[in-house]
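Remarks on the structure that follows.
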Amino acid sequence: MTRSMLENATANETPPPTPDQQVTGHRRRTTRIGWVFSSPALVIVALVTIFPIAFSVVLSLANVTVTGNGFQLAGFTFSNYSEIFHASVWRYALVFTVFYTVVTVAVEVILGTLIGLVLERLTKGRGLMMALLLVPWSMITVISAELWQYIFDGTYGVMQAIFSAIGLGQPQFLGTPTSAIISMMVADIWKTTPFVAIIVVAGLVMLPQEVFEAAAVDGAGSWTTFWRVTLPLLRPTIALAILFRILQAFGIFDLPFVLTGGGPGTATTSLAVLSYRTMFQNLNYGAGNAIAVSASVLVLIGCLLFLKVFRAQVSDA
């Protein structure tokens with residue numbers, strides 16, 4: 002009888018956890034602790050990011066009536082999107098924003114890559130040069146726009162004085178649509194090219210030197226090494242820089258708002274500036290939020306397509 006009871010007790014005992022089960026349990030406990038400690042930050046992010054986006058979508062789909070105490074929502078409709086899609090000013094702002102983004106990002110990536118290659122080869126003074134590069138990037142965009150507005154001013158601007166001194170007349174840099182767009186691009190390229198250069202330098206420093214030594218042993222020249230080794234290995238870094246710059250350039254607001262005011266006329270009116278004018282000057286909150294939501298959707302689609310093409314190229318390589 003005693004032997005039978007001992008056998009039953011032994012059979013009912015829970016076997017000790019295996020090493021895999023112990024690791025799994027430890028990971029679950031660590032995950033729970035991580036969620037507990039990160040939940041306050043996640044709540045703040047939701048309040049300052051997710052909620053405004055969701056509220057903007059709601060406003061874009063609502064009949065918004067401005068009152069003395071704020072605004073009221075009266076039903077949901079797609080008329081706001083129909084209104085902006087049929088507006089010529091929205092189509093121009095879209096074309097200008099896309100054109101501005103493509104040109105500035107392309108120039109900044111090319112110049113930033115070249116500057117990064119030069120800085121990576123420097124043995125002395127690299128830290129000083131990188132510190133000088135960070136000056137334009139660290140400058141607040143509003144202050145940078147005010148600086149360039151003074152440079153391009155048609156009465157007492159520095160560029161006006163230089164052109165007059167060398168006998169090229171007195172061009173109005175901010176007075177015509179073409180010159181205003183070019184001037185705004187110059188100001189943006191001056192400010193954000195150092196950002197791309199710093200990212201490229203960081204990517205170059207992390208590249209494995211064994212590959213370059215093997216290329217040198219095989220007799221590859223500098224140009225061949227750059228096209229066949231450096232540039233393919235640097236693609237993820239350049240893609241990251243392009244992605245960041247697309248997100249920033251497509252939502253450009255402060256530079257045209259301060260430098261050109263969106264003018265002359267609507268020449269430098271981006272989607273962000275048009276959304277601001279529609280909401281806070283025309284008090285059309287529904288259409289203004291529809292412009293903002295449409296811009297966000299377009300830039301999201303563009304980034305997803307870019308990432309898809311980039312992944313396909315990396316897979317082929």
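Numbering (this note's numbering), first residue to last: 2 to 318. The beta-carbon is built from N, C-alpha and C at its ideal position, and this holds for glycine as well.
Option nearest residue i by Cα separation, candidates the options
i       : options                               : result
Thr-177 : Arg-30, Met-131, Pro-265 and Val-106  : Pro-265
Glu-211 : Leu-135, Thr-231 and Val-59           : Thr-231
Phe-311 : Ala-240, Val-259, Val-294 and Gly-263 : Ala-240
Met-130 : Thr-50, Ile-199 and Pro-233           : Ile-199
Val-96  : Thr-269, Tyr-157, Leu-284 and Gly-170 : Thr-269
Val-103 : Tyr-151, Arg-236 and Gln-249          : Gln-249
Leu-260 : Pro-237, Met-186, Asn-81 and Ala-47   : Met-186
Ala-188 : Cys-304, Leu-148, Phe-254 and Ile-243 : Leu-148
Trp-138 : Leu-48, Glu-109 and Ser-271           : Glu-109
Val-300 : Thr-267, Pro-209 and Leu-244          : Leu-244
Gly-303 : Arg-30, Gly-35, Thr-98 and Asn-81     : Thr-98
Tyr-93  : Pro-41, Ala-273, Ser-57 and Leu-48    : Ala-273
Asp-154 : Leu-118, Ser-180 and Ile-167          : Ser-180
Leu-207 : Thr-25, Leu-308 and Leu-234           : It is worth fixing the name first, because residue 207 is Met in this sequence and not Leu. Ranking Thr-25, Leu-308 and Leu-234 by Cα distance to Met-207 puts Leu-234 first.
Lys-309 : Asp-255, Pro-237, Gly-252 and Ser-297 : Pro-237
Phe-251 : Arg-229, Ala-296 and Gly-220          : Ala-296
Ser-80  : Ser-276, Phe-72 and Leu-60            : Leu-60
Thr-105 : Arg-29, Val-298 and Ile-253           : Ile-253
Pro-115 : Ser-276, Arg-29 and Val-197           : Note that residue 115 is Leu in the sequence shown, not Pro. It is Val-197 whose Cα lies nearest to the Cα of Leu-115.
Thr-142 : Ser-276, Asp-255 and Thr-267          : Asp-255
Pro-257 : Ser-184, Val-202, Asp-219 and Val-201 : Ser-184
Ala-203 : Ser-40, Val-46, Gly-117 and Ala-88    : Gly-117
Gly-113 : Leu-205, Thr-267, Ser-223 and Gly-263 : Leu-205
Rounded distance between the beta-carbons of residue j and residue i, thought under 8 Å
i       : j       : result
Asn-64  : Gly-289 : Actually they are not in contact, since the Cβ atoms of Asn-64 and Gly-289 sit about 14 Å apart, beyond 8 Å.
Pro-195 : Leu-120 : In fact, because the Cβ distance is near 10 Å, the residues do not count as touching under 8 Å.
Met-140 : Lys-192 : 7 Å
Thr-226 : Phe-213 : 7 Å
Cys-221 : Arg-229 : According to the sequence as given, residue 221 is Ala; it is not Cys. With 8 Å as the limit, Ala-221 and Arg-229 qualify as a contact, their Cβ atoms being about 7 Å apart.
Residue i, DSSP secondary structure in three states
i       : result
Ala-63  : strand
Thr-177 : coil
Thr-68  : strand
Ala-164 : For the record, residue 164 in the displayed sequence is Phe; it is not Ala. Reduced to three states, the DSSP call for Phe-164 is helix.
Ala-221 : coil
Gln-171 : coil
Ala-88  : coil
Leu-74  : strand
Ser-390 : No answer is possible for residue 390: it lies beyond the span of the chain, which begins at 2 and ends at 318.
Asn-290 : helix
Lys-309 : helix
Asp-255 : helix
Lys-125 : coil
Phe-153 : coil
Thr-267 : coil
Gly-303 : helix
Gly-262 : coil
Leu-244 : helix
Leu-112 : helix
Pro-195 : helix
Ile-51  : helix
Gly-158 : coil
Leu-1   : Because the chain here runs from 2 to 318, residue 1 falls outside it and cannot be looked at.
Met-140 : coil
Leu-232 : helix
Leu-284 : coil
Val-298 : helix
Sequence-distant residues of its chain with Cβ nearer than 6 Å to residue i (five each side left out)
i       : result
Ile-85  : Trp-91, Ala-288, Ala-291 and Ile-292
Ile-152 : Gly-158, Val-159 and Met-160
Thr-32  : none
Chain-order list of residues whose beta-carbon lies under 8 Å from that of residue i (same chain, five-residue window excluded)
i       : result
Leu-284 : Val-67
Val-58  : Asn-290 and Val-294
Thr-78  : Leu-62, Ala-63 and Asn-64
Phe-281 : Gly-289
Own chain partners of residue i with C-beta closer than 7 Å, once the 5 adjacent residues on each side are dropped
i       : result
Met-2   : Interpretation of Met-2 is limited by its pLDDT of 48, a score under 50 that renders its predicted location unreliable; the figure taken from the coordinates is listed afterwards. There are no such residues.
Pro-172 : Phe-164 and Ser-180
Pro-209 : none
Val-298 : none
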